[in-house]
Amino acid sequence: MSGLRRVAYVVTGRVQGVAFRAHARDAARALGVTGFVANRADGAVIGEAQAPVPRLGEFLAALHRGSPWSRVENVAVDDLVVRDGEERFEVQR
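Plus 259 on top of the position in the sequence shown (first one is 1) and you've got the working numbering.
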């Protein structure tokens, strides 16, 4: 699994009720990123993402851009241990 990186992310701003999770899912699937995205009770969006470093960078850039209706204030990222066998990106409810 050399070259893979896994991160946890927290996106703050106006990111719920504005198709942000669908935006993250679509970007992840287009780039071959695995993991998940979910709403948090405080209004943030959280998730984990795993991919080869260049693709993960593109995914994180997509999070910073946000959906057309969102207003992203911050994307905080922390490194995690790579997870073997993960095959898809999911929207959690």
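All C-beta atoms, glycine included, are put in the ideal place defined by N, C-alpha and C.
- Query: If you draw a straight line from the alpha carbon of residue 265 to that of residue 295, how long is it in whole angstroms?
  - Reply: Answer to the nearest angstrom: the Cα atoms are 11 angstroms apart.
- Query: Buried or exposed: residue 356, going by 16 or more other Cβ atoms within 10 Å of its Cβ?
  - Reply: Any answer about residue 356 is impossible in this case: the structure gives the chain only from 260 up to 352.
- Query: Apart from the five residues just before and just after residue 299, which ones in its own chain have a Cβ nearer than 6 angstroms to its Cβ?
  - Reply: Non-local beta-carbon contacts of residue 299 in its own chain, meaning distances under 6 angstroms to residues more than five positions away in sequence, involve 305 in chain order.
- Item | Span of the beta strand (DSSP E) around residue 352 | Residue 352 -> no beta strand (DSSP E), and no H or E assigned at all.
- Boundaries (first-last residue) of the beta strand (DSSP E) holding residue 273: For residue 273, the enclosing beta strand (DSSP E) begins and ends at 263–273.
- Message: Assess contact between the stretch 330–345 and the stretch 311–318, defined as three or more Cβ pairs (one per stretch) separated by less than 8 angstroms. Is contact present?
- Response: Touching, no, given that fewer than three Cβ pairs across the two stretches are closer than 8 angstroms.
- Message: So residue 336 and residue 310 are supposed to be a Cβ contact under 8 angstroms. How far apart are they, rounded?
- Response: Incorrect: roughly 13 angstroms between the Cβ atoms, too far for contact.
- Query: Between residue 303 and residue 350, is the Cβ-Cβ spacing less than 8 angstroms?
  - Reply: No, the Cβ-Cβ distance between residue 303 and residue 350 is not below 8 angstroms.
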